[in-house]
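**Q** Heads up: take any position in the sequence shown, counting from 1, add 2, and you land on our numbering.
Backbone N, C-alpha and C fix where the C-beta goes; we use that ideal spot for every residue, glycine too.
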Amino acid sequence: MAPTSVPATVPPAVPGILTSAQAAASAESIASVQLDSGMIPWFPGGHADPWNHVEAAMALDVAGRRSEAEAAYAWLARRQRPDGAWHQYYVAGPDGADRVEVDTLDANVCAYVATGVWHHFLVTGDVGFLESLWAVVDAAVSFVLGLQTRRGEILWARHADGTPWSYALLTGSSSICHSLGCALAVARRLGHRRPGWERGRAKLARTVAGVPGAFAPKDRWAMDWYYPVLAGVVEGHHGRRRLAERWERFVIPGLGARCVHDRPWVTAAETAECALAHLAADDAGRALELFAWAQGLRADDGSYFTGIVLPDRVHFPGDERATYSAAAVLLAADALSATTPASALFTFDYGRRSTRSEPVAGASTKPSARARR
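1. Flag this pair as touching only if the stretch 40-53 and the stretch 88-106 have three or more C-beta atom pairs under 8 Å; answer yes or no.
2. In the DSSP assignment, find the unbroken alpha helix (DSSP H) run with Val138 in it and report its ends.
3. Quick check on the DSSP output: what are the complete alpha helix (DSSP H) runs of length 4 or more inside the stretch 273-328, in order along the chain?
4. Starting from Val268, trace the beta strand (DSSP E) in both directions and tell me its first and last residue.
5. In three-state terms, what does DSSP make of Tyr169?
6. Would you report the Cα separation of Val35 and Arg68, rounded to the nearest angstrom?
7. Could you tell me if Pro255 is buried or exposed, where buried requires 16 or more neighbouring beta carbons within 10 angstroms of its beta carbon?
8. Do you know offhand how far Arg383's Cα is from Cys179's?
9. Distance, Cα to Cα, Leu281 vs Arg288?
10. Which residue marks the beginning of the alpha helix (DSSP H) containing Arg248, and which one marks its end?
11. Pull up the CB-CB distance for Ala207 and Leu245, whole angstroms please, since I reckon it's below 8 Å.
12. Within the same chain, show all residues whose beta-carbon is closer than 7 Å to that of Val381, passing over the 5 residues directly before and after it, in chain order.
13. Can you tell me which residues form a DSSP beta bridge with Val93?
14. Looking only at C-alpha atoms, which of Val12, Leu157 and Pro166 sits nearest to Ala65?
15. Skipping 5 residues on each side, what residues in its chain have a beta carbon closer than 6 Å to that of His2?
16. Where does Gly258 fall in DSSP's three states?
17. Taking 8 Å as the threshold (beta carbon to beta carbon), is Arg242 in contact with chain D?
18. Would you identify the three-state DSSP class for Trp223, choosing helix, strand or coil?
19. Run through DSSP, which three-state label would Asp152 get?
20. Classify Ala371 as helix, strand or coil using the three-state DSSP reduction.
21. Leaving out five residues before and five after Lys205 in sequence, what residues of the same chain have Cβ atoms less than 6 Å from its Cβ?
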């Protein structure tokens, strides 16, 4: 376990749903799994993937645990390949040294570092951190855009030998679109011009929003439903309409969002991300509703069970409590409460402008006297 730090800021709170103390406990549940190397596995003894590793690092920052977040980014910098990529999964061996578990080079996994680096800067204001990670972001984006097709979508991955896979995923390309926006924000802040990134992002956004046939059919999955909205590609009225059209297919009222629409499996991460998507579409009421339902998967120590299967309400897989589940909840709490300077990252212009600097109705930056658990 990595050394822990005293939180520098008060973690976010959403009145009647999550107190600041409960958010701090959730951050501790993530920090307690982080290894001395800085790697954040899904759970003790489990593997790590760079996307969820970044998600967890952002959650640590939201709760004021800056040193643990910076250790996570330092691990990424050490693990980056010369071509700018990371492998899909890593695992720690008995000697504590991590090794590659799955050697696929997933474009979305590689792009997400830009989101995390920009998020850390928004929280801390540390330009030196941006400068130290610029080469990492620059190389990662170059790798990712090397998988863009002429039409605009980003192919899912490369094999370790460099051979590209033949298809693209809507969720992954949506997330990459958001990450490219964050990468451009980093570049602008440091005075670097990247017109190729701007063109690549614009072409990708047009394809995500208007060419559904460009992507492998995965519409059974909730992420393909809400991620174009969460990533800021489908906005405003169009975003609200997209979310409303499939609400009944994916959401079980009182419980949360299914991972797959034809399976009775409700997951904490999808529910929290779906809350973020609704907030991005300016539907704060449903965002708060979803966030409240996600608390049904909260464990006593502040971690979150990965999911629950109905009708028996059995936790699945097993009693797994993934770090990425707690991370998604903390990021949603920050967005709803407008606690940190990064709270608008997923909802307004990559956090660069103060379109919403106040919490949504029913949320506050102060701890609530009442909580669900």
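**A** So, from the data block:
1. Contact between the stretch 40-53 and the stretch 88-106 is present, because at least three Cβ pairs lie under 8 Å.
2. Locating residue 138 in the sequence shown gives position 136, where the first residue counts as 1. It spans Val129 to Leu147 - the alpha helix (DSSP H) in which Val138 sits, taken as one unbroken run.
3. Fully contained in the stretch 273-328 are the following alpha helix (DSSP H) runs of length 4 or more, in chain order: 286-296.
4. Here the question's residue 268 lines up with position 266 in the sequence shown. Where Val268 is concerned, the enclosing beta strand (DSSP E) stretches over Trp267 to Thr269.
5. As a working mapping, residue 169 is identified with position 167 in the sequence shown. Looking at Tyr169 - three-state DSSP - the assignment turns out to be coil, as it is neither helix nor strand.
6. Here residue 35 is taken as the residue at index 33 of the sequence shown, counted from 1. Here residue 68 is taken as the residue at index 66 of the sequence shown, counted from 1. Cα-Cα distance, rounded: 16 Å.
7. The residue given as residue 255 occupies position 253 in the sequence shown. Exposed, by the Cβ-count rule.
8. Residue 383 lies beyond the residue range present for the chain, which begins at 3 and ends at 375; the question has no answer from this structure.
9. Taking the sequence shown and counting its residues from 1, the one referred to as residue 281 is at position 279. Taking the sequence shown and counting its residues from 1, the one referred to as residue 288 is at position 286. C-alpha separation (whole angstroms): 8 Å.
10. Indexing the sequence shown from 1 puts residue 248 at position 246. Counting along the chain, Arg248 falls outside any alpha helix (DSSP H), and DSSP gives it neither H nor E.
11. By one-based count along the sequence shown, residue 207 stands at place 205. By one-based count along the sequence shown, residue 245 stands at place 243. The Cβ separation is near 18 Å, so there is no contact.
12. The chain is shown only over 3 to 375; residue 381 falls outside these bounds and no answer can be derived.
13. Within the sequence shown, the letter at position 91 stands for residue 93. Residue pairing by DSSP puts Val93 in a beta bridge opposite Arg101.
14. Stepping through the sequence shown from its first residue, residue 65 is reached at position 63. The shortest Cα separation from Ala65 among Val12, Leu157 and Pro166 belongs to Val12.
15. For residue 2 there is no data in the structure shown, the boundaries of the chain being 3 and 375.
16. In the sequence shown, counting from the first residue as 1, residue 258 sits at position 256. Note: Gly258 maps to strand in three-state DSSP.
17. In the displayed structure, chain D is absent; only one protein chain is listed.
18. Counted from its first residue, the sequence shown places residue 223 at position 221. If DSSP states are grouped into helix, strand and coil, Trp223 belongs with the strands.
19. Counting from one through the sequence shown, the residue named residue 152 turns up at place 150. According to the sequence displayed, residue 152 carries Arg and not Asp. DSSP places Arg152 in coil when its eight states are reduced to three.
20. Translated into positions along the sequence shown, residue 371 becomes position 369. Its pLDDT being 22, under 50, Ala371 is placed unreliably by the model, and nothing is read from it.
21. The sequence position of residue 205 within the sequence shown is 203, counting from 1. Closer than 6 Å at Cβ, skipping near neighbours: Gly154.
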